[in-house]
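Here the sequence shown stands for residues 1 to 274, where the numbers follow UniProt numbering. Glycine included, C-beta positions come from ideal geometry on N, C-alpha and C.
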Amino acid sequence: SDCFCFHMCWCSMIVLIFVIAALLILLLAIAFSVSQGIVETKNGFPVGNLGQDVVLDCTFQSNTGKGPAGNVLITWTKERLSGVVYQYQNNAPQLKDQNSQFQNRAQLFPDVIATGNASLLLRRVTMEDDGVYRCVVSAPGVSGTVRIHLSVGAFSAPAITTANKSLRAEAPRWLPRPSVTWLDPDGERLAGVTQFNNSSDGTVQVVSSLQHPVAPNETYTCIIQNHLVQAVSEATVTGEGVSAHTSFLFSSSPRTLPVPPHCAATILLCMLVW
């Protein structure tokens, strides 16, 4: 029994040592983070719409809880690309080493840098802009880096009209090629026929027809999605035609697939069976 008690005490002591060590590491990490200030982003996986502008969010806060008291250096870079995307120092842009891909397309917001906003505006995004960016901030009371993965595609809300006592959805531009799902007012899947027409800019036009008669004053759902974006259009059949509203849901990571409501039960069942 004495031997058993000895082993129990020894094990308890080892566990206690590990707990104390973990707490010390955590406290040191917090202290180091506070001493360095904070550089962060509210959106680590933004999605850019081809040909349109996008903002890469980056904010910073000094360890005093205030904006930078002195000069601030902000450098935006892109992984696997030479030069800088944009650099700001001495209260002015420093573009001597800017990569030609971003000339006349990248800028910060000078009026709000003093408040801790280092976000980058990227104009007229192209497929080449897709990739991982770094926002590096160095100023009195703050020093840090944040990574942002920009994905570039094309997405648009469909125009939904009535056709042959049913519904037809037409979206002018999508990339990558999406899938289309139709749901009835109860959320059950309905049959539809979809065709894709290639456009000169590399995107596709999406034309989908619901293969089911619709009832007046009922709301049907058309979901157009790829691995980047999900467009959910709710269309209500009225006496004058169709009243439709579209909302967009963006993936929280490059590999996240938005899941249509009717698929949730199927996925759960597959997980249980597995």
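- Nearest residue (CA-CA) to residue 177, options 185, 212, 188 and 198: 198
- Query: Start and end of the beta strand (DSSP E) containing residue 222?
  - Reply: 219-225
- Give me the Cα-Cα distance between residue 220 and residue 247, rounded to the nearest whole angstrom. 14 Å
- Taking only runs that begin and end inside the UniProt domain "Ig-like" (51-151), name each unbroken beta strand (DSSP E) of 3 or more residues, in chain order. 54-56, 59-61, 73-78, 86-89, 120-122 and 131-139
- Message: So for residue 19, helix, strand or coil by DSSP?
- Response: helix
- Query: Straight-line CA distance for residue 216 to residue 162?
  - Reply: 11 Å
- Item | Proximity to residue 234 [Cα-Cα], best of 98, 123, 175 and 186 | 186
- Task: Evaluate residue 46 with the Cβ neighbour count: other Cβ atoms within 10 Å of its Cβ, from every protein chain shown; 16 or more gives buried, anything less gives exposed.
- Result: buried
- Among the residues of its own chain, which have a CB less than 7 Å from the CB of residue 40, if the five just before and after it don't count? 59 and 146
- Is the segment 181-196 in contact with the segment 77-84, if contact means three or more CB pairs nearer than 8 Å? no
- Same chain, Cβ closer than 6 Å to residue 14, neighbours up to 5 away in sequence not counted: none
- Query: Taking all protein chains shown into account, do 16 or more other C-beta atoms lie within 10 angstroms of the C-beta of residue 126, making it buried, or fewer, making it exposed?
  - Reply: exposed
- Task: Kindly give me the distance between the Cβ atoms of residue 75 and residue 61, rounded to whole angstroms, as I take these residues to be in contact under 8 Å.
- Result: Actually they are not in contact, since the Cβ atoms of residue 75 and residue 61 sit about 18 Å apart, beyond 8 Å.
- Query: Cα separation between residue 102 and residue 122?
  - Reply: 8 Å
- Query: Would you call the CB atoms of residue 94 and residue 85 closer than 9 Å?
  - Reply: no
- Message: Within 10 Å of its beta-carbon, does residue 155 have 16 or more other beta-carbons around it, so buried, or fewer, so exposed?
- Response: buried
- Task: Look up residue 228 in the DSSP assignment and give the residues it is bridged to.
- Result: Answer is none; residue 228 lacks a bridge partner.
- Task: Confirm, please, whether the CB-CB distance from residue 135 to residue 118 is below 9 Å.
- Result: yes
- Task: Please list, in chain order, all residues of the same chain as residue 236 whose beta carbon is under 6 Å from its beta carbon, the five residues on each side excluded.
- Result: 219 and 243
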